[in-house]
Amino acid sequence: MTKFRPCIDLHSGQVKQIVGATLKDDGSAVTNFVATQTADHFARLYKQDGLSGAHVIMLGPNNEEAAKLALETWPQGLQVGGGITIDNAEQWLQAGADKLIVTSWLFEDGCFSEERARALCDRVGRDRLVFDLSCRKKAGEAGWFVAIKRWQVVTDLQVDEATLHRLSQYCCEFLVHAADVEGLCQGIDEELVACLGKWSPIPCTYAGGAKDVADLDRVAALSDGQVDLTFGSALDIFGGSLVRYEDCVAWNKAH
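The structure is reproduced here in structure tokens:
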């Protein structure tokens, strides 16, 4: 059944909500919110409310200390992503991550590397890996394509049923940000949510554009309960005025 999945997005060491597609190589981004609390505050809140499976995403450099603080607060309760490679994967598991979220490292010169996916799976185990298939549209082409390197590079890997089935042999979950609507609070990509519900053979979390607690019902209906939903900039704990965190917690308890 669809669940609310929380997040801790880290940018320059602070908990922030940014407009996803605006994150640049120099670290600049259009920012919706900067928290006064540190990452461990949110980890403690999620632990208190039993919200397992939250993703901690390091958006660029200088976020490692903040991420480790969150993991120390709730060991084996959070997933961590952003700059994960085969060289540091085991270090992040030792730091307390329940699962590792991997994106850009799976690509070489913009092309998906099955060899890398297999090697990482062999190293840490399929049940500890989440593949981030955050995606964008391409001009003149139908469907969605995985975007890497802070969502600035759109690859040739299409998000479709064949891709999800192929990659599911190397990971136990997918995380999919709809990068074109991320941080805008203008509504979810309903077509993408419906497709993920039909296509994904493993648990999948969607993020991007959610703006009302009713979006949980909408995602549940569109995906037949197969896709979870993350709220970001719309959420009151991240400075939003559209969705109350306590309503999301209550929704989970009721379902």
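FYI, in the numbering used here the residues of the sequence shown are -3 to 251. Glycine included, each C-beta is placed from N, C-alpha and C at the ideal position. Keep in mind that this is a model prediction, so the values were computed, not measured.
**OP:** Quick one: grab the DSSP three-state call for Q255.
**Re:** One cannot answer for residue 255 here, as it falls past the ends of the chain, which runs -3 to 251.
**OP:** Assess, as a yes-or-no matter, whether the segment 139 to 152 is touched by the segment 99 to 112 under the definition of 3 or more beta carbon pairs within less than 8 angstroms.
**Re:** Segments in contact, yes.
**OP:** Note down, in chain order, each residue of its chain lying with its Cβ closer than 7 angstroms to the Cβ of A93, except the 5 sequence neighbours on either side.
**Re:** If we look at A93 and ignore the five residues flanking it on each side, its Cβ neighbours are L67, L74, Q75, V76.
Subject >> Residue range of the beta strand (DSSP E) that includes A143 >> reply: Its beta strand (DSSP E) spans residues 141 to 144.
Original post:
Going by other Cβ atoms of all chains shown within 10 Å of its Cβ, with 16 needed for buried, is Q222 buried or exposed?
Top reply: Its Cβ being crowded by 16 or more others within 10 Å, Q222 is buried.
Original post:
Where does F38 fall in DSSP's three states?
Top reply: Note: F38 maps to helix in three-state DSSP.
Original post:
If we count the other Cβ atoms within 10 Å of its Cβ and call it buried at 16 or more, is T32 buried or exposed?
Top reply: Label assigned to T32: exposed.
Original post:
Nearest-angstrom Cα distance between Q154 and W140?
Top reply: Rounded to the nearest angstrom, the two C-alpha atoms are 6 angstroms apart.
Original post:
Should F234 and C200 be called a contact, given that it needs their Cβ atoms to be closer than 7 angstroms?
Top reply: Cβ distance not < 7 angstroms, so F234 and C200 don't count as in contact.
Subject >> Strand pairing of R240, partner residues [DSSP] >> reply: Answer is none; R240 lacks a bridge partner.
**OP:** Report the option in L55, N84, H51 whose CA atom is closest to the CA atom of P71.
**Re:** Minimum Cα-Cα distance from P71 among the listed residues L55, N84, H51 corresponds to H51.
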